[in-house]
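Chains D and S, in that order, are what the protein sequence lines are. Using this note's numbering, the final residue of the first sequence is 325, and nothing's skipped along the way. Using this note's numbering, the final residue of the second sequence is 313, and nothing's skipped along the way. In what follows, a single structure is set out as structure tokens and then discussed.
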Amino acid sequence: MSAEPLLSVKNLKKHFAIKGGVFARNVEKVYAVDGVSFDIGKSETLGLVGESGCGKSTTGRCILRLIEPSSGEVWLSGQDVMRMDGSALRSLRRDMQIIFQDPYASLNPRLTVAAIIGEALQIHNLVKSKKELEERVVKLLETVGLQPDHMRRFPHEFSGGQRQRIGIARALAVEPKLLICDEPVSALDVSIQAQVINLLEDLQEQFGLTYLFIAHDLSVVEHISTRVAVMYLGRVVEIAPSRALYDTPLHPYTEALLSAVPIPDPTVKRKRIMLQGDVPNPIRPPSGCHFHTRCPIARADCAQRDPELLEKRPGHWVACHYRG
Amino acid sequence: MAETLLEIRGLKTWFKTDDGMVRAVDGVDLHIDRGETVGVVGESGCGKTVTARSVLKLIDMPPGRFEDGSILWRGRDLIPLAADEMDKIRAREIAIVFQEPMTSLNPVYTVGDQIAEVLRQHQQLNRKQAIDAAVEMLRLVNIPNPGKRVHDYPHQFSGGMRQRVMIAMALSCKPKLLIADEPTTALDVTIQAQILELMQEMKEKLGMSIMLITHAMGVVAETCQRVVVMYAGKVVEEAPVEALFGNPRHPYTQGLIRSIPRVDRAAEQKQRLEAIAGTVPSLLEPPPGCRFAARCKFAMDVCTKAMPPLKEVGPGHFVRCVL
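See the structure below:
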């Protein structure tokens, strides 16, 4: 990328300690995020996909420092996020916001919609009067396709899709540059899912937003993303422009993952690469390449050597000894 | 013509709540023939799960009640059947696999005990024989090292392995019909592929029929021969799988198919998704006409006046729409 990236993540790690024994010492570690690096350019959407427990959500939360990372760097428009604290961090959070997966659990049931959306505006002193606050909330509700009179209602009066719209309005209130979308549509029915995806696309165009779109659904990620990063057991195994990744996946895990997605067309018959077994335990991830225990093309040295994420084709990075 | 195993006619399963009567299933007709996999699709609250549970009479009554209709199992109506008669149908003739492999196993018993319990209840086996049979079932569903795993507790299994245990349990009495209620929804996509393949393999080995309840159109396209689409307690379309995806006739089915992004179309021009506007109507007092009318872009005056009947538009292709 020629231009300065908006967000730059370098060798991010998060190891959760497991306490045990007599004095609750740290006995083991979960390697949730184990050296993740990527850049996101302005107005770009980077999709982050992987199966449960691969560390994609933890990565998103570490970037916002909702979870303190163990090590690594995060840069947002040239500012070092890891070194900030207190008020600097708070004002930085104006630039990055998050939308959560569960539209039922992420809205305070005791607050009205106006209070939920307006809270951040007040915290960041973005409005001077009550009247101005209300005007901003009405504007935000209209932006996400809700009615102005919805502001006096409580979250339980809305459907799942509408709640997700409220969550989006709340995130947009402080006019962020980067929006981290953590499985924003996976709790929604397909017809509603499409409404929310279209809304996110419209908002990106309208405000020039940058998205980190975290999801397990490969078809949704492919649809919305400019580039896609695939994670497996805490590491990025492949990162490429969306179409290149889906047309010519290089990593055997990406290939298997793509072939497992059911296609809603009975006339399409594909060869499926069936992965054996389950994802290994991230407490003791396999040595060398984390994927070697399930990999159809693994050779003896895959268990010894860590593959590096290398640019094998222009813009197409893959961490595999034998592909690309 | 294949033998019809299950025939549901005009089924109405309603629930009494403080706010009034919820018409969860409101006049559903569907049938399943021997050896067939039938998909029942629809979004949350369309009545697909209640239909499935009604077949095994797993609905709490009250608040639920069968308002009308019949459920014919090989010609015999299950609705008036006494509890002990129903026990002979469950597991032996019709078995069910639930969505949540985490919550549908008892955490304080070993999986072996839980499979053996089903076997001992329905077949004259002693404890030793039942455990041996449980080991065989675990082997059948490809759980590695079944002789040892049979003594493990549910928490020692991963999500995919638990779903295999659930399938082993459901198939232990060799049922003729397996009802799978969102069997892969809680699973990752690579594990989902494993479970769907297992179900297909089991179907061929045991010669049973499957009623697959799901909201995932992709899963339906890959596993079913015939599909029933439900919306707000009603069947809106029924067709062989090729016809449903190749030539969907109901505007709701069309919307469902077009609203999903497709990975296999990555190379083509990216299109905006076609969302269906609005949300599912309340089942408390459903409007008199077509239940989809409020969200339908083709809706006309007549649509809000009377419920359109299911009409045949092609071989085995039925649609509930005036168009």
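Don't be surprised by glycine CBs; every beta carbon is placed ideally from N, CA and C. In this text, all values refer to a predicted model and were calculated from it rather than measured experimentally.
Extent of the continuous alpha helix (DSSP H) to which Tyr225/D belongs: It should be pointed out that residue 225/D corresponds to Ile in this sequence rather than to Tyr. Under the DSSP assignment, Ile225/D falls in the alpha helix (DSSP H) whose first and last residues are 219 to 225.
Validate contact between the region 301 to 314 of chain D and the region 3 to 14 of chain S using beta carbons, cut 8 Å, 3 pairs: Between the region 301 to 314 of chain D and the region 3 to 14 of chain S, the count of Cβ pairs shorter than 8 Å is below three; the stretches do not touch.
Those runs of the alpha helix (DSSP H) which lie wholly inside the region 133 to 188 of chain S and span at least 4 residues: Qualifying alpha helix (DSSP H) stretches, in chain order: 136 to 139, 149 to 161.
Assumed close pair Asn12/D, Glu74/D - CB separation to whole angstroms, cut-off 8 Å: Going by Cβ atoms, the distance from Asn12/D to Glu74/D rounds to 7 Å, so yes, they are a contact pair.
Helix, strand or coil at Ala257/S according to DSSP, with G and I counted as helix: The predicted position of Ala257/S is uncertain, since its pLDDT is 48 and thus under 50; a value taken from the coordinates is nonetheless stated next. In this structure, Ala257/S counts as coil in the three-state DSSP scheme.
Residue nearest to Leu47/D in terms of C-alpha spacing, selected from Ser243/D, Ser130/D, Pro263/D: Ranking the options by Cα distance to Leu47/D, first place goes to Ser243/D.
Ile121/S versus Pro136/S: straight-line alpha-carbon distance, rounded: The alpha-carbon atoms of Ile121/S and Pro136/S are separated by roughly 11 Å.
Cutoff 9 Å: Val179/S Cβ touching any chain D Cβ: Cβ-Cβ to chain D under 9 Å: yes for Val179/S.
Extent of the continuous beta strand (DSSP E) run through Cys280/S: Per DSSP, Cys280/S belongs to no beta strand (DSSP E) and is neither H nor E.
Interface flag, Ala267/S vs chain D, CB-CB below 9 Å: Taking 9 Å as the CB threshold, Ala267/S lines the interface with chain D.
Cut-off 7 Å between Cβ atoms - residues of its own chain near Ser71/D, not counting five sequence neighbours on either side: For Ser71/D, where only same-chain residues beyond five positions count, the Cβ hits under 7 Å are Lys14, Lys15, His16.
Interface residues of the region 180 to 205 of chain D facing chain S [CB-CB below 8 Å]: For the region 180 to 205 of chain D, residues whose beta-carbon sits nearer than 8 Å to a beta-carbon of chain S comprise Asp190, Val191, Ser192, Ile193, Gln194, Ala195, Gln196, Ile198, Asn199, Glu202.
Under 9 Å between C-beta atoms of Gly37/S and Thr3/S: Yes.
Cα-Cα separation, Gly87/D to Ala115/D: C-alpha separation (whole angstroms): 27 Å.
Cβ-Cβ separation, Gln148/D to Leu141/D (assumed contact under 8 Å), whole Å: The Cβ separation is near 12 Å, so there is no contact.
Sequence-distant residues of the same chain with beta carbon closer than 7 Å to Gly54/D, five excluded per side: Counting only Cβ-Cβ distances below 7 Å, and skipping sequence neighbours, we find Val280, Pro283.
DSSP three-state assignment for Pro305/S, whether helix, strand or coil: In the structure shown, Pro305/S sits in coil (DSSP, three-state: anything other than H, G, I, E or B).
Cα-Cα separation between Gly102/S and Ala124/S, rounded to whole angstroms: Spanning the two alpha carbons is a distance of roughly 6 Å.
Rounded straight-line distance, which links the Cα of Ala170/D to that of Thr144/D: One C-alpha to the other measures close to 8 Å.
Any chain D beta carbon closer than 9 Å to Pro173/S: The beta-carbon of Pro173/S is placed no less than 9 Å from the nearest beta-carbon of chain D.
contact_flag[the region 88 to 99 of chain S, the region 153 to 162 of chain S] where n(CB pairs < 8 Å) is 3 or more: By the Cβ criterion, the region 88 to 99 of chain S is in contact with the region 153 to 162 of chain S, since at least three pairs of Cβ atoms, one from each stretch, lie closer than 8 Å.
The region 267 to 289 of chain D: positions lying closer than 8 Å to chain S by Cβ: Here the close residues are Pro267, Thr268, Val269, Arg271, Arg273, Met275, Leu276, Asp279, Val280.
Residue interval of the alpha helix (DSSP H) (run including His112/S): 101 to 112 is the extent of the alpha helix (DSSP H) around His112/S.
C-alpha gap between Met297/S and Asp190/D, whole angstroms: Approximately 25 Å between the Cα atoms of the pair.
Beta-carbon proximity check, Ser272/S vs Ser192/D, cutoff 9 Å: Not in contact: Ser272/S and Ser192/D (Cβ atoms no closer than 9 Å).
Candidates Val238/D, Leu200/D, Gly168/D, of which the one nearest His252/D by Cα: Nearest of Val238/D, Leu200/D, Gly168/D to His252/D, Cα basis: Val238/D.
Minimum C-alpha distance to Thr268/D - residue among Cys311/S, Ala211/S, Met207/S, Leu161/S: The candidate whose alpha carbon is nearest that of Thr268/D is Ala211/S.
Coil, strand or helix - Met97/D by DSSP: Reduced to three states, the DSSP call for Met97/D is strand.
Burial state of Pro265/D (16 or more Cβ within 10 Å): Looking at its Cβ environment, which holds 16 or more other Cβ atoms inside 10 Å, Pro265/D is buried.
Local Cβ density within 10 Å of Ile298/D, reported as buried at 16 or more and exposed below that: By the neighbour-count rule (16 or more Cβ atoms within 10 Å), Ile298/D is not buried but exposed.
Chain-order list of residues whose beta-carbon lies under 6 Å from that of Pro315/D (same chain, five-residue window excluded): Excluding sequence neighbours, Pro315/D sits near nothing in its chain.
Proximity of Ser199/S and Leu167/S at Cβ, strictly below 9 Å: With respect to the 9 Å criterion, Ser199/S and Leu167/S are classified as neighbours on the basis of their beta carbons.
Interface flag, Val37/D vs chain S, CB-CB below 9 Å: At a cut-off of 9 Å between C-beta atoms, Val37/D does not count as an interface residue with respect to chain S.
Short CB-CB distance (under 9 Å) between Gly162/D and chain C: The chain inventory of the structure shown lacks chain C, comprising the protein chains D and S.
9 Å Cβ cutoff, Val221/D in contact with chain S: Judged by the 9 Å Cβ criterion, Val221/D is in contact with chain S.
Residue-level contact to chain D via CB, Gly25/S, 9 Å cutoff: For Gly25/S, no CB of chain D lies under 9 Å from its own CB, so it is not counted at the interface with that chain.
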